Amino acid sequence: MYHLSLHGNWILKRTSTGDLYSIAIPNDVISALYEQQVIEDPYLGKNELDIQWVGTEEWEIEKTISLNEQFLDSNHITLDIETIDTVARIYCNEREAGYCDNMFLRYSFDVTKLLHVGRNTIKIHLYSNEKIAYERNATLPYPIEHMRYPVQSMHRNLVRKAQCHSGWDWGPCLMTSGVYGEISLNSTKVERIVEVQTLLQKLKDDSWSIGLTILIYSSYASSSSLSIELGYIKEIIPLILKKGNNSIHHTLIVKNVDLWWPNGYGEQPLYTLKVSSVNDKKEKKIGFRTIEVDTTPDIYGIGMTFIVNGIPIFAKGANWIVMDALPGRYTTERYEDLLTSCIKANMNMLRVWGGGQYETETFYNLCDQLGILVWQDFMFACSLYPATPWFLNSVKQEVLYQIMRLKDHPSIALWCGNNEDIGALTWFESSRKNRDRYLIDYDHLNEGIIGKTVKELDPTRKWWSSSPSAGESDYSDCWHDDSKGDMHYWSVWHEGKPFESYKEIIPRFCSEFGFQSFPSLSLLKDVITCNGTKEIDSADFNISSSIMEHHQRNDRGNTIILSTMIRYFHLPSTFDYQIYVSQIQQAFAMKTAIEYWRSNRPRCMGTLYWQLQDNWPVASWSSIEYGGKWKALQYIAKKFYQPLHITFVKEQEVIIIKGINDRISPIEGLLTIERVYYNGKRIRIDSSNVTIDKESATKLYILPSLGDSNREDYLLYASFKSTDGEEIENHFFPTYFKAMNLQKPTITVKLDEEDPISSMRLSSDVVSLYVSIDHPKKRIQLSDNFFHLIPYQEKIIEFECGPISAQEAKELIITNLRETY
Ligand code: BMA
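In the working numbering, the protein residues as written are 1440 to 2260.
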């Protein structure tokens, strides 16, 4: 077995002009051109518009390698390509080796006869995916529509490429191409272990059976042995191979394994499974857990509860889009950064959304290690799709490959057919007029290909036909009906309803709902000034400047942000404050929804807000901006997602304080309720010992009506201190922010050490709302931010990004709501 990685430098050619550049594979063409300063950074200014030509061109990448006799002494040499974007023809020494047209497939071409001793060239011709989409569209017998976006490339639904590359309502249109995963030559002299698959089943006596399927390619018939190891267990089985592909089955029984748990419920032990033959070996990490999705009908309709190892899990998390619009900019560190941000914010589930990509191994490995459950969509979104034989066949290969690749990850919790494609059946005039035809096409693809393959290959996980969906064979409206399945609740953002309307529904599981905000001023500065290369023009620092509008892809986005601001807040006096308040109102919207829905467990058993991150600098629904910096929402999510939480629920005129406990044991402690006047006065209403039941939302206290007078003068403050010393708090505002009689605070900041500084203490003379700490340049990460300070309370804030210097501490910008008007 010889393995030759083809990573590293390749020649990149623009075929129409013959211009030559270089590209370090894995990479994409746009990133390579940017690295060589052929184009400007597409994320800055409006550069994106100037480089649309790249996607309409054809590109060639070529590498020369030297091969020796030893490598070539084999009757089976393959060229293996993990991810290629997308339509491409491959040549070895100018002879065709293969053709690719699906970014979500792994390709393996037999190139044994195309190689020779000495110098060899491997060439990949990358066609224009954009042009191919147009060509395919021209041959369609009837229109197959897709959702349109402000900057976009048309007919993306006809090419199996990450759908959001063509533009989205938060994403740029960058129709790049390239080779992203591993690309290598593999020469098998004797045998090669191609794949190891497992099927884990819990047996009655708490032992587990591991059904193994091992795929081995052998150059000739032979007999030897195969060793299988897991922890202290080692089994040697006879191995009788025929020439070509072999599929070996074996079952291991293991006892006393430690169970894998989602974040917040326990540890994530992973076991290494080792399979070795005489000439090859493969390792894989597995985790033991059972997972079910309970959709039993109940008095409210049909619920949706993930049950892991017998424990019903309240799913807390967000939607994951692609990490970057340019695949060449993915790094392991960025995956780690984003996924640990999820853990810090007490999340236990992410939905890998269908308009992006099946994620990389790095992503799923981290989810396994961190305990993040993955709701896995198949990559179809907001579109109608063809049901022609070539398309169905390509999808069939894709689904087979992706399920086999991913199904051994304990993190994967469910397979879902697509994003919003049931809704798409009624979004376009053509499909409204002839819904039957499009519904049949939908069903062929979704149930006939994807669902059928899931059921055959992975009986251990739930098949969920679409998101949102009311359940199998139910095509009803899950944007407005909260009684069944998973819901996408967009009435607040897209339909302009007030935040209060989040409390008019109790979804069984809300897999999408969101509110937009602007990214931080420091990121916007980079975008507007093209990383400081352009003079600052104050006219650009205005929400309606053309550059700000370019970095907003939802038609009415900025209008909604601003009109909501004047609905609830005083209009902030400056651009900087508008940015800050946009983040606060977004966080407030999500807090309103999530606390209410969590307080209604078990009727609601999951909330995944839209969306975790951005793939370029943009105004969007994300809680983490491009580059990884937390917006207010991510900090506030850390609190509203904590496993033990208290919240205020207003029912008619009374206010109920509920304790939310996701843990599997009850907790006792002291609940204190106060009225805190904005001018600084604190009045205790009551204190009582309470018990918050396990896995519940428990009513702890009922406050009588507040009455109508002086509501603008105070907030309600509840704190809970458990007998173990765990402390949580929450605040309730009887009026909108703009009606509050907030006083101008004096905030005292004490730095805990001289230099460097790892923590600081803050206090305020009167109530200070949404106190934020930021640095104009450095990305700082804090233990808490956008918090409220009430008098006689000192907050200790730690620099989780590591200590900062005394000089940097001087530059910190501390903001609170009162100063914005
Ligand atoms: C949804 C998603 C995305 C979209 C978002 C915001 O429903 O599935 O397609 O970006 O809403 O409009």
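All C-beta atoms, glycine included, are put in the ideal place defined by N, C-alpha and C. Predicted model, so just to flag it, every value in this text is computed and none were measured.
Beta carbon of residue i nearer than 8 Å to that of residue j
i	j	result
ARG1631	LEU1597	no
LEU2256	LEU2181	yes
ILE2063	TRP2069	yes
LEU2139	GLY2164	no
LEU1789	VAL1813	yes
ILE2095	ILE2112	no
TYR1546	ILE1520	yes
SER1658	VAL1635	no
ASN1748	LEU1698	yes
TRP1609	TRP2060	yes
LYS2189	MET2199	yes
VAL1526	ILE1571	yes
ALA1731	ILE1752	The sequence given here has Glu at residue 1731, not Ala. No, these two residues do not count as a Cβ contact at 8 Å.
THR1454	GLU1499	yes
LEU1642	ALA1660	no
PRO1766	ASP1524	yes
LEU2221	VAL2210	no
Backbone secondary structure at residue i - three-state DSSP
i	result
TRP2069	strand
THR2137	strand
GLN1591	coil
ASN2169	strand
ASN1997	helix
TYR2080	coil
TRP2055	coil
THR1503	strand
PHE1543	coil
GLN2182	coil
SER2203	strand
LEU1451	strand
TYR1460	strand
TRP1492	helix
GLY2164	coil
GLU2156	Looking at the sequence shown, residue 2156 is not Glu but Tyr. Looking at TYR2156 - three-state DSSP - the assignment turns out to be strand.
ARG2102	coil
TYR2048	strand
GLN2022	helix
TYR2016	helix
CYS1855	strand
VAL1635	strand
GLN1991	strand
MET2004	helix
TRP1700	coil
Residues bridged to residue i [DSSP beta-bridge criterion]
i	result
PRO1751	ILE1746
SER2211	THR2254
LEU2221	PHE2238
ASN2128	LEU2109
ASP1524	GLY1617
ASP1467	GLY1617
HIS1442	ASN1625
_If we require 3 or more residues per run, which beta strand (DSSP E) segments fall completely within the segment 1711–1737?_
1720–1725 and 1730–1733
message: For the structure I just gave you, are there three or more beta carbon pairs, one from the segment 2143–2160 and one from the segment 2168–2187, closer than 8 Å?
response: yes
Q: Tell me, please, whether the segment 1479–1493 touches the segment 1531–1550 by the rule of three or more beta-carbon pairs shorter than 8 Å.
A: no
- prompt: Using 8 Å as the threshold, is the segment 1587–1603 in touch with the segment 1782–1800, meaning 3 or more CB pairs across them?
  reply: yes
Worksheet item: Is the segment 2038–2045 close to the segment 1732–1749, with three or more CB pairs under 8 Å?
Response: yes
**Asked** Does the segment 1503–1517 touch the segment 1568–1587, meaning 3 or more C-beta pairs lie closer than 8 Å?
**Response** no
**Report entry** Inter-stretch contact at 8 Å, needing at least 3 Cβ pairs: the segment 2028–2035 / the segment 1935–1945
**Finding:** yes
Q) Do the segment 1680–1698 and the segment 1646–1664 touch if we need at least three Cβ pairs shorter than 8 Å? A) yes
Please go through the segment 1813–1853 and give each complete beta strand (DSSP E) segment of 3 or more residues, from N-terminal end onward. none
Notebook entry, point to check: Of all the alpha helix (DSSP H) runs that stay within the bounds of the segment 1940–1980, which reach a length of 4 or more residues?
Noted result: 1960–1967
Item to complete: Would you be able to state if there are at least three C-beta pairs under 8 Å between the segment 1707–1727 and the segment 2021–2030?
Response: no
- Message: Could you check whether the segment 1814–1821 touches the segment 1563–1574, counting it as contact only if at least three pairs of C-beta atoms, one from each stretch, sit closer than 8 Å?
- Response: no
Q: Take every Cβ of the segment 1864–1872, pair it with every Cβ of the segment 1580–1593, and state whether three or more of those distances are shorter than 8 Å.
A: yes
Taking only runs of the beta strand (DSSP E) that begin and end inside the segment 1638–1697, which ones reach a length of at least 3 residues, in chain order? 1647–1657, 1661–1669, 1672–1680 and 1683–1693
Does the segment 2218–2230 touch the segment 2190–2197, meaning 3 or more C-beta pairs lie closer than 8 Å?
no
What are the complete beta strand (DSSP E) segments, minimum 3 residues, inside the segment 1549–1586? 1557–1565
- Do the segment 1846–1862 and the segment 1908–1928 touch if we need at least three Cβ pairs shorter than 8 Å? yes
**Prompt:** Is the segment 1967–1979 close to the segment 1461–1475, with three or more CB pairs under 8 Å?
**Reply:** no
Indicate whether the contact test is met: 3 or more Cβ pairs, each with one atom in the segment 1890–1899 and one in the segment 1833–1845, closer than 8 Å. yes
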